[in-house]
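Enquirer: Count along the sequence shown starting at 1, add 15, and that's the number in this note's numbering. C-beta atoms are modelled at their ideal positions from N, C-alpha and C, and glycine is treated no differently. Just passing along the structure, written as structure tokens.
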Amino acid sequence: MTSLEEYGTQAAILDRLTRIERAHAKAKAELAIARTQIKELDEERIAAEYRLDTYEQLGGECPGWLTPSKPKNTAATIITMLSDLHLDEIVNPEEIGWANAYNRKIAEQRLKKWTSKVIELSTSYVAGVNIEGIVVALGGDLISGDIHEELKETNETTTMDSVVYWSEILASSITTIADHFGKVFVPCVVGNHGRTTRKPRMKLRVKTNFDWLLCTMVANHLKADKRITFSIPESADCIFDVYETKVLMTHGDSVKAGSSGVGGLFPPLFRYKAKKQTNDSFDLLMVGHFHTLVLAASQGFICNGSLKGPDEFSRINCYADEPPQQAFLVCTPKNGVTIQAPVFCQDNKEKW
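Take a look at the structure:
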């Protein structure tokens, strides 16, 4: 028979054992939580190192404001693409049934219109978010170039003169954008029209292209402006992150579209995206080249329009006329690309 004293001792031991077991369970749970946190931090470190390696390999800088560790729920970043400007190409309205005209003066008017419309869309049509900055993606075919004899014969001036003339104007446009948004990231790729060789090349593809020279000159004009960051890789692609959305931008002349066929550009862009993901992991593919605006971020790609609009090539090949327009996107940390809209660039003051 257990004495009262022994019973009290056993009760004290049992109580102590219970407290020890509870403390052990609590410590075990805290250890599990700590291990999970360590694993998550390690994954973030690996991802950050991967992004750093990617940017170093591509020869560009990605500003930290694009990928904050703890973005606000109301945060948003504008992504707009500026490609297929074909600066200093001349489109004669008489040759295309007066459907369009294009020259240096009209290009300047349309670029100013694009600049003002990007600001207007961001201020008057986007609400409920705090816009932290803007990505101005220069997607190639910025200048007309002279890869075809007819372009060499009819362009406004020589290609080198075009680069010199337009570098200051593009820099001024980006400065205006920075004055409104505060922070600007400018990733750049080259197109096919700016190449210095008759046939496309694989090696030295970027540094033998006048688009690269133009982007570099614009970056040099703006190097003292700390609000603006450029990424000008030596590869045909440029990869960058906006929050949790990884974007791969390339000009698009490698997309095998043919006549597009049934479904338009969707099938070739789906195929190209799948091929690109063999070596590069990304969420959104951005291309230009086709002068056809396709806003399909939910399907994983954006195809940009042009500043030039219809021309002799598109008319003779019976492509549908498309107004001068560029892509405008709003990207948020939680949902990625949410708003998609065209930026219409044709100015009412154009005379032709």
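In chain order, what residues of the same chain lie with their CB nearer than 7 Å to the CB of residue 133, ignoring the 5 residues before and after it?
Expert: Correct list, in chain order: 95, 192, 343 and 358.
Enquirer: Considering only C-alpha positions, which residue in the set 190, 179 and 168 is nearest to residue 150?
Expert: The residue with the shortest Cα to Cα distance from residue 150 is 190.
Enquirer: Please name the residue in 294, 301, 295 and 270 whose C-alpha comes closest to that of residue 286.
Expert: The residue with the shortest Cα to Cα distance from residue 286 is 270.
Enquirer: Can the beta-carbon of residue 167 be found less than 9 Å from the beta-carbon of residue 176?
Expert: Taking 9 Å as the Cβ cut-off, residue 167 and residue 176 do not qualify as a contacting pair.
Enquirer: Please report the straight-line C-alpha distance between residue 81 and residue 153, rounded to a whole angstrom.
Expert: Residue 81 and residue 153: Cα-Cα distance of roughly 17 Å.
Enquirer: Going along the chain, which residues of its own chain have a beta-carbon closer than 6 Å to the beta-carbon of residue 347, five neighbours each way excluded?
Expert: Excluding positions up to five away in sequence, the list reads 91 and 353.
Enquirer: Just reading off the beta strand (DSSP E) that residue 301 is part of, what are its end residues?
Expert: First-last of the beta strand (DSSP E) with residue 301: 299 to 302.
Enquirer: Residue 117: which of 164, 171, 181 and 141 sits nearest, CA to CA?
Expert: The shortest Cα separation from residue 117 among 164, 171, 181 and 141 belongs to 171.
Enquirer: Does DSSP classify residue 361 as helix, strand or coil?
Expert: If DSSP states are grouped into helix, strand and coil, residue 361 belongs with coil.
Enquirer: Quick check: residue 246 and residue 215, are their CB atoms within less than 9 Å of each other?
Expert: Taking 9 Å as the Cβ cut-off, residue 246 and residue 215 do not qualify as a contacting pair.
Enquirer: In this structure, how does DSSP classify residue 28 when only helix, strand and coil are distinguished?
Expert: In this structure, residue 28 counts as helix in the three-state DSSP scheme.
Enquirer: Per DSSP, what kind of secondary structure is residue 96 in: helix, strand or coil?
Expert: Three-state result, residue 96: strand.
Enquirer: Nearest by alpha-carbon distance to residue 318: which of 288, 333 and 77 is it?
Expert: Residue 318 has its Cα closest to that of 288, out of 288, 333 and 77.
Enquirer: Please name the residue in 138, 196, 111 and 187 whose C-alpha comes closest to that of residue 148.
Expert: Ranking 138, 196, 111 and 187 by Cα distance to residue 148 puts 196 first.
Enquirer: Is DSSP giving residue 117 helix, strand or coil here?
Expert: Residue state, collapsed to three classes: strand.
Enquirer: Note down the Cα distance separating residue 72 from residue 248, rounded to an integer number of angstroms.
Expert: Annotation note: pLDDT 45 at residue 72 (below 50); position unreliable, coordinate value reported separately. Taking the straight line joining both Cα atoms gives about 8 Å.
Enquirer: Below 8 Å CB to CB, which residues in the same chain sit around residue 240 once its five sequence neighbours on both sides are set aside?
Expert: Only 190 and 193 meet the Cβ criterion.
Enquirer: Quick check: the Cα distance between residue 57 and residue 326, rounded to an integer number of angstroms?
Expert: Those two C-alpha atoms are separated by around 53 Å.
Enquirer: Over what stretch of residues does the alpha helix (DSSP H) that includes residue 327 continue unbroken?
Expert: 327 to 331 is the span of the alpha helix (DSSP H), which, as asked, contains residue 327.
Enquirer: Near residue 107, which residues of its chain fall below 6 Å by C-beta distance, leaving aside the five closest residues on each side in sequence?
Expert: Within the same chain, residue 107 has no close Cβ partners at all.
Enquirer: Short of 6 Å in beta carbon distance, which residues of its chain neighbour residue 70, apart from the five on each side in sequence? Order them along the chain.
Expert: For residue 70, the predicted structure reports a pLDDT of 48, less than 50, and the residue's modelled location is therefore unreliable. A value from the coordinates is still provided. The residues are 77.
Enquirer: Out of curiosity, what's the CA-to-CA distance linking residue 74 and residue 251?
Expert: Its pLDDT being 46, under 50, residue 74 is placed unreliably by the model, and the measurement read from it follows with that caveat. Each residue's alpha carbon lies about 12 Å from the other.
Enquirer: For residue 223, report the span of its alpha helix (DSSP H) as first-last.
Expert: First-last for residue 223: undefined, no H or E at that position.
Enquirer: If you count every other CB in all the chains shown that lies within 10 Å of the CB of residue 258, and 16 or more means buried, which is it?
Expert: It is buried - the Cβ of residue 258 has at least 16 other Cβ atoms within 10 Å.
Enquirer: Between 38, 157, 51 and 32, which lies nearest to residue 182 when the distance is taken from Cα to Cα?
Expert: Comparing Cα positions, the closest option is 157.
Enquirer: How many angstroms separate the CA atom of residue 208 from the CA atom of residue 217?
Expert: Rounded to the nearest angstrom, the two C-alpha atoms are 15 Å apart.
Enquirer: Could you compute how far the alpha carbon of residue 180 sits from the alpha carbon of residue 186?
Expert: Those two C-alpha atoms are separated by around 11 Å.
Enquirer: Taking only the alpha-carbon atoms, compute the straight-line gap between residue 332 and residue 350 and give it to the nearest angstrom.
Expert: Cα to Cα, residue 332 sits roughly 39 Å from residue 350.
Enquirer: Roughly how many angstroms lie between the CA atoms of residue 93 and residue 143, to the nearest whole one?
Expert: Looking at the two C-alpha atoms, the distance is approximately 14 Å.
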